[in-house]
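**Q** One structure coming up, written as structure tokens, with questions to follow.
There are 2 protein chains.
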Amino acid sequence: MDLIYYALIAGAIGIAFAVYTVIGLMKKDRGNQDVREISELIEKGALAFLVREYKYLAAFVVIVAIVLGVLIEPRGLVAVAYLIGTMCSVAAGFIGMKIGTKSNCRTVAGVQKSLNEGLRVAFSSGAVMGLMVVSLALIGLSVIYVIWGGYNEGVNDAGVKTSDITSILVGFGFGASSIALFARVGGGIYTKAADVGSDLVGKVEAGIPEDDPRNPGVIADNVGDNVGDIAGMGADLFESYAGAIIATMTVAIGAGIAFDGDLAMLPFIIAGVGILCSIAGTFFVRVGEQLKIEALLAALRRGVYAASFFVAVFAALAIYLMDIDPVTISDKYVEGLDIWLSIIAGLIAGVLIGVSIEYYTADIYKPTQRVAEASETGTGTLIIKGFSTGMMSTVIPVLLVVAAVLIAYELAGLYGVAITAVGMLSTLGITLATDAYGPVADNAGGIAEQAGLPPEIREKTDALDSLGNTTAATGKGFAIGSAALTALGLTAAFGQNIINEMEDEGVNETFSMSLMDPQVVMGVLIGAMMVCLFSALTMDAVGKAAMGVVNEVRRQWREIPGLLEGKEGVKPDYNTCVDMSTKAALRSMMLPGILAVVIPITVGLVPFLGPEALGGLLIGAIGTGFVLAVTMANAGGSWDNAKKWIEQGNLGGKGSDSHKAAVNGDTVGDPFKDTSGPSLNILIKLMSMISLLFVPVFVSVM
Amino acid sequence: MDLIYYALIAGAIGIAFAVYTVIGLMKKDRGNQDVREISELIEKGALAFLVREYKYLAAFVVIVAIVLGVLIEPRGLVAVAYLIGTMCSVAAGFIGMKIGTKSNCRTVAGVQKSLNEGLRVAFSSGAVMGLMVVSLALIGLSVIYVIWGGYNEGVNDAGVKTSDITSILVGFGFGASSIALFARVGGGIYTKAADVGSDLVGKVEAGIPEDDPRNPGVIADNVGDNVGDIAGMGADLFESYAGAIIATMTVAIGAGIAFDGDLAMLPFIIAGVGILCSIAGTFFVRVGEQLKIEALLAALRRGVYAASFFVAVFAALAIYLMDIDPVTISDKYVEGLDIWLSIIAGLIAGVLIGVSIEYYTADIYKPTQRVAEASETGTGTLIIKGFSTGMMSTVIPVLLVVAAVLIAYELAGLYGVAITAVGMLSTLGITLATDAYGPVADNAGGIAEQAGLPPEIREKTDALDSLGNTTAATGKGFAIGSAALTALGLTAAFGQNIINEMEDEGVNETFSMSLMDPQVVMGVLIGAMMVCLFSALTMDAVGKAAMGVVNEVRRQWREIPGLLEGKEGVKPDYNTCVDMSTKAALRSMMLPGILAVVIPITVGLVPFLGPEALGGLLIGAIGTGFVLAVTMANAGGSWDNAKKWIEQGNLGGKGSDSHKAAVNGDTVGDPFKDTSGPSLNILIKLMSMISLLFVPVFVSVM
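See below:
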């Protein structure tokens, strides 16, 4: 049997397990009527967001598909692969979010039985998301490979040149990038716009409490958690996951080693192994009735560590069974063991990045407590301290990525660098589960409060929610680290493909992306600037979109009699408010999105810059983007948790001056950690993906 | 006559004009007794800072000189040049600051006659600083060249190989870097520590007004302006100025074109032309009695634009008279005109960077007004808006630098890139004057207030002070832009010297700093991370050093009876407070300073990284450092001016909620714009300078 079918089988098992999990989840108790009603409102709101988003998306995707169909060889096939990529990502996001919104009420009902039951429900719904993402990505790529890939050099049965298969797969990856752009950047703007907007008009202007049902923006706010943290995060990691596999395969084919011991197939196999190990890992997640955050965290960690351990073992077994012949890659003599170690380097780096980020953002450690303490001398000092903590927290993730890449390169050349990302992402099925768990638990807490459940239930949902905050922070770190590694792999593939294409086309120039060449250096500067520009635009977009929510809420209060007064039976139109802010969010993400597509292509085409400068741009964007994304995510996480730490009664507790300062810090942190920071993942991957896709076009105008 | 003597003569004229200006200044009226006394206190405090700083400096410089004497060839000479470099920079800073502190009272007395008289006094004292910096830098470099340089290929009269002259000059540059590290980073920490510390203990803790003479920290605060904005800025630009000349000469010698039409001498000549044109420009700075900021700004601008125009004309004349033969540089056929255009590209980019930064930070334009308006929804939104404005403001400066470098490279290869920085910095004599003018006017305003002068005088000093805030922001932009260009030139020289040295030593490897090489890419990531680490450390240092001030103030209030109660004749010991915070500032700058020296050397030496990765590190640091420095400087400037705009009566004026939010923004901005942001200039130049200096060491262990 061709190796690719093993990957397909693993993907199918992933889907099957997800379906099995969903069936189990749907049988669970949905709680009392109040709980069910609130949950349904959130579900409806999330659907409203998706419908609106899909309208924009469809237009965007059709246009891009036509452009690709015209410009990129093999014509038509790349466009089709692009469409498949978008559909797989959309399906994963849709199902994951749907299950998430159906599980929040079940989590509430679950904790009424036991803490473990609640944790299992929320975590299972996260696992559905995690498995849908990895399975659909792997199945999508595998199916494309089976149809058009062929498995021998030359021309395959479908009449496609073997070397063209990489272009087709990159088309799939670019599809994933497009969805990620909408889901992560648009969703990120949406979630904070709804949050900030409904707070401004509700709490500040009208003086009604947060989450008050009279506020037409309140469901939009609840929807935001699902939109940003489930669908957005999922699409982001779908892109990383597909990108890492594509980059590794492209490097293998480009280096002419694809058919030595099936090196082009290895990323598929490792991904397949990862899916099975992730499923195994989920069985290790369980907890007693102890409410301590450390115990809950240990429960989730056990699952991730177990899956990582299994991947290490079974990846070794797979490589052994594949019997990979020693090859020479980037002047290095590479054996199976070297490749296995490269995978392990990525795996370990991923786990350690999570640990380091937890250290900087969790309120049980010094850094975040120091940020909280800085509130004693005011908002200004708190913000400075949080910002410097975020900057300081870049050191360990950067060193981990540097170490993983250098080890992998030393062992297995550029191929090693690319497959390191596959290693890091191999356990995505379960790491994403721990992450998508967060918003479900968060919603469960909100629902329990709104439905007026007894305090002992609230205590339990609070504990689950608090755990979700920690996993959200580490999840962000993992997303950034894997985005950087994936983008590095894609950029390596870009460089290699340019050289190969130049050879094929008989272009007689050297291509080295040397920093001795000022054009490359200027590319680096432009890349660094792109990161700032993109961040500035997404940050401003939150403000603008928030004003959209404010206006819609004001309109409803004005036009619906009795609404603001809380008259019995008068309900706001939550749907238009969701629709409105979705519209504003998607509109204001257009400019940054277009810039992320147009600038790299322009730089690659114009005479004074060209592909060499574009290579510089990509690396400059990865360098600056990586450290800035970590800074923003961790500063934001630290401010958030500093506020929570004060609310626990430290430094005067709720209502104290320290608390007021911390609330300000949290407001600054919101767009940092949930909009601009994560959007940079998309920026760096999207730009590398599109550059890789346009290689033939760049070379043709050289 | 050898061309170098023209440079010496221009430097001597600069010194002579500075001395002439000082004599004129010293004859001016020093105001009434109150004014004189306050001014003397500030002068004494600044001296206390310098004495303490020099103690640390001396130890540092001696150790470094010994290390250089042992490690870097030609042994001894590099160490001596290093010492000369430190001494020239110290002398320029000392004299500039001394004159600045002697001119604040004279400015007060000046405005009592006329606004123009006040402006002329403050500007003249700035001109002394500007001219001392450029003249001492040029004279220092020229004298070294005359003694050890020789002017023909081979071995000169002093027995020094011609190629060794670059190492010696780089030694001088590294001396300038060392002083810049202390003056800009240490001074930057000091000034904000004194500011924040005395505010915290005085305004917040004891509830006494700002600038109250009972607060022992108040003079330290006033001293800070001189320390940070005169001495710190001066040393920063001394380093850029010397670095740009050295980089151009090094590139010329390294490319083997030094003796074609005296290209190695050209940067000296252009610098000399610039000094004379700057002197000429100062005569264009005068103003009527109109208090409008636009009129005052126009007065200063007239001087800078006039000087720029003269430089353009006389640089063309100089190049024409030097009769430069066409040469081939970086595969480009280069004539005199090409080189002249490269100089002009830098000159124009420098002026336009200033204009763009003024647009983003001055309160007469939209961006800063929008930041102020964001205060209406609270501190959080104000800070977000300021931050996004800072990020947005990176676009134009980056594009200007990119355009200048690409034009220069297209016209005159790497030599063109290096001399662009010389062009940008050629008018430094007068641009630095407009910048050093700021703190003098600021002090004058403070003195006028403390001495209780009548409102019409206050109005005039306020107008001059307000102008100073704008020039401070544009000065920072100019400092960042020129630092980036200088660092790029030094890095180009670094790459070229590595290749030459490898050839000389018979090392048979390629050196291309290619982004296809993961080591170089990892260098870029490390460089980006260094920027964050350095910023985090300097930001935290402000907090720590401020606590030193707080403790010293508390001690004096406890131990000196009657001080806090304001008993007649009881005065605080301002000196120990200055001394104390100086100590804390200098101590906490040690770690970032050491990292900036040790990490590049380590990266260049360790086997898995090496000089290629070091090249990546330098470029990564320049890319991220440039955009982050601009972001921090402009966000800080924008918050500061948003506060001032509100204080003018907009959005509710002083005491409103908007004002409170803006005060918080200003507090965040303080270390952004005056400590961490400007410190990044030093980081990127220092790292490139030390890398260039250590080239022979790196190659010897290859």
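Those sequence lines, one after another, are chains W and G. In terms of the numbering used here, the first sequence opens at residue 19 and continues consecutively. In terms of the numbering used here, the second sequence opens at residue 19 and continues consecutively. Cβ atoms here follow ideal geometry from the backbone N, Cα and C, with glycine treated the same way.
Three-state secondary structure (DSSP) at residue 102 of chain G?
**A** As a position in the second sequence, residue 102 of chain G is number 84, starting the count at 1. Helix, per DSSP.
**Q** So, with DSSP's three-state summary, where would you put residue 169 of chain W?
**A** For the purposes of this step, residue 169 of chain W is identified with residue 151 of the first sequence, where counting begins at 1. Because residue 169 of chain W carries a pLDDT of 47, less than 50, the predicted location of this residue cannot be relied on, and no value is offered for it.
**Q** Using a Cβ-Cβ distance cut-off of 8 Å, determine whether residue 520 of chain G contacts chain W.
**A** On the second sequence, residue 520 of chain G is found 502 positions in, with the first residue counted as 1. It does not: the Cβ of residue 520 of chain G has no partner Cβ on chain W nearer than 8 Å.
**Q** Given residue 498 of chain G, which residues of its chain have a CB within under 7 Å of its CB, disregarding the five upstream and five downstream residues?
**A** Here residue 498 of chain G is taken as the residue at index 480 of the second sequence, counted from 1. Result list for residue 498 of chain G: 644, 647, 648, 651, 699, in chain order.
**Q** Closest to residue 626 of chain W by CA distance: which of G:268, G:428, G:664 is it?
**A** In the first sequence, residue 626 of chain W corresponds to position 608, counting from 1. Cα-wise, what sits closest to residue 626 of chain W is G:428.
**Q** Taking only the alpha-carbon atoms, compute the straight-line gap between residue 420 of chain W and residue 284 of chain G and give it to the nearest angstrom.
**A** To locate residue 420 of chain W, count along the first sequence from 1; it is residue 402. To locate residue 284 of chain G, count along the second sequence from 1; it is residue 266. For residue 420 of chain W and residue 284 of chain G, the distance between alpha carbons rounds to 42 Å.
**Q** What does the alpha-carbon distance come out to for the pair residue 32 of chain W and residue 453 of chain W?
**A** Here residue 32 of chain W corresponds to residue number 14 of the first sequence, with the count starting at 1. Here residue 453 of chain W corresponds to residue number 435 of the first sequence, with the count starting at 1. Between residue 32 of chain W and residue 453 of chain W, the C-alpha separation is close to 18 Å.
**Q** With residue 291 of chain W as the anchor, note down where its alpha helix (DSSP H) starts and where it stops.
**A** On the first sequence, position 273 is the one that residue 291 of chain W refers to. Start and end: 284-300.
**Q** Closest Cβ-Cβ distance between residue 581 of chain G and chain W: below 8 Å?
**A** Taking the second sequence and counting its residues from 1, the one referred to as residue 581 of chain G is at position 563. No, its Cβ sits nowhere closer than 8 Å to a Cβ of chain W.
**Q** Do residue 317 of chain G and residue 137 of chain G have their CB atoms nearer than 8 Å?
**A** What you label residue 317 of chain G is simply residue 299 of the second sequence in a count that begins at 1. What you label residue 137 of chain G is simply residue 119 of the second sequence in a count that begins at 1. Yes, Cβ-Cβ distance for residue 317 of chain G and residue 137 of chain G is below 8 Å.
**Q** With a threshold of 8 Å on Cβ separation, who are the neighbours of residue 256 of chain G within its own chain once the five nearest residues in sequence on each side are excluded?
**A** Here residue 256 of chain G refers to the residue found at position 238 when the second sequence is read from its first residue. Within the same chain, residue 256 of chain G has close Cβ partners 106, 107, 110, 111, 151, 154, 155, 194, 197, 198.
**Q** Which runs of the alpha helix (DSSP H) spanning at least 4 residues fall entirely within the stretch 196-235 of chain W, listed in chain order?
**A** Counting whole runs of 4 or more residues, the stretch 196-235 of chain W contains the alpha helix (DSSP H) stretches 205-216.
**Q** Which runs of the alpha helix (DSSP H) spanning at least 4 residues fall entirely within the stretch 306-376 of chain W, listed in chain order?
**A** Listed in chain order, they are 311-340.
**Q** Against chain W, which members of the stretch 258-273 of chain G pass a CB distance test of less than 7 Å?
**A** Answer set for the stretch 258-273 of chain G: empty.
**Q** Within 10 angstroms of the Cβ of residue 458 of chain G, are there 16 or more other Cβ atoms? Answer buried if so, exposed if not.
**A** Position 440 of the second sequence, counted from the first residue, corresponds to residue 458 of chain G. Residue 458 of chain G should be labelled buried.
**Q** Among W:234, W:656, W:268, W:504, which has the Cα closest to the Cα of residue 441 of chain W?
**A** Translated into positions along the first sequence, residue 441 of chain W becomes position 423. For the residues W:234, W:656, W:268, W:504, the minimum Cα distance to residue 441 of chain W belongs to W:504.
**Q** Is residue 536 of chain G near the ligand PLP, in the sense that its beta carbon is under 7 Å from a heavy atom of that ligand?
**A** You won't find the ligand PLP in this model; it holds no ligand whatsoever.
**Q** Put residue 532 of chain G into one of helix, strand or coil per three-state DSSP.
**A** The count along the second sequence starts at 1 and reaches residue 532 of chain G at position 514. Strand, per DSSP.
**Q** Would you call the stretch 703-716 of chain G and the stretch 504-514 of chain G touching, i.e. three or more CB-CB distances under 8 Å?
**A** Flag = yes, the stretch 703-716 of chain G and the stretch 504-514 of chain G touch.
**Q** To the nearest whole angstrom, what separates the beta carbons of residue 739 of chain W and residue 707 of chain W, a pair I think is in contact under 8 Å?
**A** Since the displayed chain W opens at 19 and closes at 720, residue 739 of chain W lies outside it and no answer follows.
**Q** Enumerate, from N- to C-terminal direction, the unbroken alpha helix (DSSP H) stretches of 4 or more residues contained entirely within the stretch 678-709 of chain W.
**A** Qualifying alpha helix (DSSP H) stretches: none in this window.
**Q** Shortest alpha-carbon distance to residue 606 of chain G belongs to which of G:368, G:556, G:460?
**A** Position 588 of the second sequence, counting from 1, holds the residue named residue 606 of chain G. Closest option to residue 606 of chain G, Cα to Cα, is G:556.
**Q** By DSSP, does residue 562 of chain G sit in helix, in strand, or in coil?
**A** For the purposes of this step, residue 562 of chain G is taken as residue 544 along the second sequence, with counting starting at 1. It is helical.
**Q** So which residues on chain G does residue 218 of chain W lean against when the C-beta distance must stay under 9 Å?
**A** Locating residue 218 of chain W in the first sequence gives position 200, where the first residue counts as 1. Here the neighbours are 395, 396, 399.
**Q** Using 8 Å as the cut-off, can you tell me whether the stretch 681-701 of chain W makes contact with the stretch 382-398 of chain G, which would need three or more C-beta pairs spanning the two stretches below that distance?
**A** The stretch 681-701 of chain W, when compared against the stretch 382-398 of chain G, does touch it at the 8 Å Cβ threshold.
**Q** Quick check: residue 593 of chain W and residue 116 of chain W, are their CB atoms within less than 8 Å of each other?
**A** Residue numbering aside, residue 593 of chain W sits at position 575 when the first sequence is read from its first letter. Residue numbering aside, residue 116 of chain W sits at position 98 when the first sequence is read from its first letter. Result no, Cβ atoms of residue 593 of chain W and residue 116 of chain W do not sit closer than 8 Å.
**Q** My parser needs the alpha helix (DSSP H) runs of 4 or more residues fully inside the stretch 29-108 of chain W; what are they?
**A** Those alpha helix (DSSP H) runs which fall completely within the stretch 29-108 of chain W and span 4+ residues are 51-89.
**Q** Taking the beta carbon of residue 170 of chain G as the centre, do at least 16 other beta carbons fall within 10 Å, making it buried, or is it exposed?
**A** Indexing the second sequence from 1 puts residue 170 of chain G at position 152. The predicted position of residue 170 of chain G is uncertain, since its pLDDT is 47 and thus under 50; a value taken from the coordinates is nonetheless stated next. Looking at its Cβ environment, which holds fewer than 16 other Cβ atoms inside 10 Å, residue 170 of chain G is exposed.
**Q** Determine the extent of the alpha helix (DSSP H) in which residue 258 of chain G is found, giving its start and end residues.
**A** Position 240 of the second sequence, counted from the first residue, corresponds to residue 258 of chain G. Segment 251-272, the alpha helix (DSSP H) holding residue 258 of chain G.
**Q** Quick test of your reading: residue 418 of chain W and residue 371 of chain W, contact by CB under 8 Å. State the CB separation rounded to the nearest angstrom.
**A** On the first sequence, position 400 is the one that residue 418 of chain W refers to. On the first sequence, position 353 is the one that residue 371 of chain W refers to. At roughly 6 Å, the Cβ-Cβ gap stays under 8 Å, so residue 418 of chain W and residue 371 of chain W are in contact.
**Q** Tell me which same chain residues have a C-beta within less than 7 Å of the C-beta of residue 719 of chain W, skipping the five on either side of it?
**A** As a first step, residue 719 of chain W must be located in the first sequence, where it is residue number 701. 623, listed in sequence order.
**Q** Verify the CB distance criterion: does residue 373 of chain W have a CB-CB separation below 8 Å to chain G?
**A** The count along the first sequence starts at 1 and reaches residue 373 of chain W at position 355. So, not an interface residue.
**Q** Using CA coordinates, which residue listed in W:89, W:620, W:562 is at the minimum distance from residue 601 of chain W?
**A** As a working note, residue 601 of chain W is residue 583 in the first sequence. The shortest Cα separation from residue 601 of chain W among W:89, W:620, W:562 belongs to W:562.
**Q** Under the three-state reduction of DSSP, which class applies to residue 662 of chain G: helix, strand or coil?
**A** Here residue 662 of chain G refers to the residue found at position 644 when the second sequence is read from its first residue. Residue 662 of chain G falls in the helix class under three-state DSSP.
**Q** Chain W partners of residue 213 of chain G, CB-CB under 7 Å?
**A** The residue labelled residue 213 of chain G in the question sits at position 195 within the second sequence. Simply none; closest approach about 12 Å.
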